[in-house]
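For my numbering, count along the sequence shown from 1 and bump the result up by 98. In this text, a Cβ means the ideal position worked out from N, Cα and C, and glycines have one as well. Presented below is the structure to which this report refers.
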Amino acid sequence: MWPTLDEAQVSCPYCGEPLTLLIDGSAGAQRYVEDCQVCCSPMVVHVEASVPPMVRVAHEDDA
99 MWPTLDEAQV SCPYCGEPLT LLIDGSAGAQ RYVEDCQVCC SPMVVHVEAS
149 VPPMVRVAHE DDA
């Protein structure tokens with residue numbers, strides 16, 4: 099069975115552009131680095147295990 103992906107609306111902590119991230123909520127709590135789709139800066143994505151998943155992004159230095 100394929101995981102269900104949730105859409106999370108966030109703003110890049112570097113350039114401020116709005117982004118849509120696809121989150122696998124079935125994976126539980128997560129922390130990973132993903133490059134901004136606009137400015138290519140590395141942002142740290144924090145996912146809290148909840149329904150729907152709570153997502154926040156931070157500068158790599160602030161993580």
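Sort the options by Cα distance to residue i and report the nearest one.
{"i": "residue 146", "options": "119, 114, 115, 125", "result": "125"}
{"i": "residue 110", "options": "136, 104, 103, 123", "result": "136"}
{"i": "residue 157", "options": "106, 117, 134, 120", "result": "134"}
{"i": "residue 160", "options": "151, 148, 150, 144", "result": "144"}
{"i": "residue 117", "options": "132, 128, 123", "result": "132"}
{"i": "residue 104", "options": "130, 119, 112, 139", "result": "119"}
{"i": "residue 138", "options": "107, 102, 108, 113", "result": "113"}
{"i": "residue 127", "options": "151, 115, 106", "result": "151"}
Report the rounded CA-to-CA distance for residue i versus residue j, giving the unit in angstroms.
{"i": "residue 149", "j": "residue 123", "result": "8 Å"}
Starting from residue i and walking both ways along the beta strand (DSSP E), at which residues does that stretch end?
{"i": "residue 139", "result": "Note, residue 139: premise wrong, no beta strand (DSSP E); not H, not E."}
{"i": "residue 153", "result": "152–157"}
{"i": "residue 116", "result": "116–122"}
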